[in-house]
Amino acid sequence: MQLLDGKLLSENIKAELAAEVDLIKQKGGKIPHLAAVLVGENPASEVYVASKIRSCEQVGFKSTLIRRTADVTEAELLEIVEGLNNDPDVDGFIVQLPLPKHIDEEKITLAIDFRKDVDGFHPVNFGRMAQGMAAFLPATPYGIIEMLRRYNIETAGKHCVVVGRSNIVGTPISILLSRKGYPGDCTVTLTHSRTKNLPAEVRRADIIVAAIGVPHFIKGDWVKEGAVVIDVGMNRIDDPTKKSGSRLVGDVDFEAVAPKCSHITPVPGGVGLMTVTALMMNTLKSCRKEIYS
Ligand code: GUN
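Sequence positions in the sequence shown follow our numbering and run 252 to 544.
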């Protein structure tokens, strides 16, 4: 069994990005600039956004953090989005989700200029991705694809079972892995809460992508010998042995599944770090106008 080391890979990619930024600086070009909007005090969102800002610093990007309290109005947030859309120095920005209940997330996502949508959440980017056109890929699927590529994992003709059909992970990764080319050319089964006999579906998989948000959901006897397992889960569970009283676990029962796999991503240290790195890759692409001129 080989660990798919998201920490090592993301460090390598970030070193490549930093070298690119150095070249840009030498040539007097524009430094990539990512902005993040964070509303309220959701502890997970705080951690994610802090990690995005820290990654910007590591690779030499400019970053801007815009914070508002949870009582911000939808109109105010739309104004912030409009400001970022029109700021020529900002190459890309994200509005961290989830947003407070009184704000319509769909309305906010649609208000973001798709040319600056480095999260790849806007339907224009989603539609372009689905048609195999150049697009900002959503960060987690992009991170997974990059991981498969950099570990030279074979995908052509493989049966991939995706567990979970969210707009930001399950659905887009199922599209990307079924697309022509590498990594892709998989036969994909997209499973969800209404799937009948889920363990039997998962047992057929050469590649499993677990993105259901339930701790230790995928059991040892659901996994075929030699499967590649990508664990997207980030679940905080109680653990009185830890100083914090909790720890992060994936959607896969790692102890039981790891011995059966050819490759598996750990949690933490797997897909999560790749997600942040993919956002940095999208920001550089935006700055260079590689997707949209
Ligand atoms: N909330 C959880 N993951 C993400 C993400 O990738 N982007 C944004 N904007 N919000 C999130």
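Cβ coordinates follow ideal geometry from the N, Cα and C atoms, glycine included.
Values in this document were obtained by computation on a predicted structure and should not be read as measured data.
When DSSP labels each residue in this structure, what does residue i get in the three-state scheme?
i, result
"Thr526", "helix"
"Asn403", "coil"
"Asp372", "First, the amino acid is wrong: residue 372 is Phe here, not Asp. DSSP places Phe372 in coil when its eight states are reduced to three."
"Leu335", "helix"
"Lys313", "strand"
"Ile304", "helix"
"Gly343", "strand"
"Val480", "strand"
"Cys538", "helix"
"Thr391", "helix"
"Arg455", "coil"
"Val508", "helix"
"Gln277", "helix"
"Ser429", "helix"
"Val474", "coil"
"Ala461", "strand"
"Val272", "helix"
"Leu449", "helix"
Which residue from the options puts its Cα closest to that of residue i?
i, options, result
"Ala407", "Met525, Glu356, Tyr433 and Leu427", "Tyr433"
"Lys313", "Ala478, His373, Leu268 and Glu541", "Leu268"
"Glu476", "Ile459, Leu361 and Pro339", "Ile459"
"Ile395", "Gly280, Pro294 and Gly257", "Gly257"
"Thr526", "Gly279, Ala478, Asp370 and Leu254", "Asp370"
"Val412", "Glu506, Glu325, Leu428 and Arg400", "Leu428"
"Ile359", "Ser495, Tyr543, Val290 and Thr391", "Val290"
"Gly519", "Pro491, Pro466 and Val341", "According to the sequence displayed, residue 519 carries Pro and not Gly. The residue with the shortest Cα to Cα distance from Pro519 is Pro466."
"Val272", "Thr534, Tyr543 and Lys493", "Thr534"
"Pro450", "Ser495, Lys470 and Gly383", "Lys470"
"Arg430", "Arg454, Ala385, Lys447 and Val500", "Ala385"
"Phe505", "Arg319, Gly435, Leu259 and Phe468", "Phe468"
"Pro339", "Asp489, Glu357 and Asp364", "Asp364"
"Phe372", "Leu388, Gln382 and Ala381", "Leu388"
"Glu541", "Pro349, Ile317 and Asp342", "Asp342"
"Cys512", "Gly383, Arg454 and Lys352", "Arg454"
"Gly378", "Ser495, Ser544 and Ile419", "Ile419"
"Gly435", "Asn293, Asp490, Lys409 and Lys447", "Lys409"
Is residue j closer than 8 Å to residue i when the C-beta atoms are compared?
i, j, result
"Cys307", "Leu274", "no"
"Ala509", "Val483", "no"
"His443", "Gly464", "no"
"Val439", "Ser425", "yes"
"Lys303", "Asn336", "no"
"Ala478", "Ala507", "no"
"Ile354", "Glu333", "no"
"Val310", "Lys281", "no"
"Ala529", "Ala362", "no"
"Arg318", "Glu327", "no"
"Pro349", "Asn263", "no"
Please report how far the alpha carbon of residue i lies from the alpha carbon of residue j, in whole angstroms.
i, j, result
"Leu524", "Asp322", "30 Å"
"Thr315", "Pro283", "11 Å"
"Arg498", "Asn486", "8 Å"
"Val503", "Gly421", "15 Å"
"His514", "Cys437", "17 Å"
"Ala287", "Gln347", "7 Å"
"Val474", "Val480", "9 Å"
"Met398", "Arg539", "23 Å"
"Gly261", "Tyr402", "Residue identity differs from the one stated: residue 261 is Ser in this sequence, not Gly. Their backbone Cα atoms lie some 13 Å apart in a straight line."
"Val500", "Gly521", "11 Å"
"Met532", "Arg305", "15 Å"
"Tyr299", "Phe344", "14 Å"
Using a Cβ-Cβ distance under 8 Å, would residue i count as near chain C?
i, result
"Arg401", "Any reference to chain C falls outside this structure, which holds one protein chain only."
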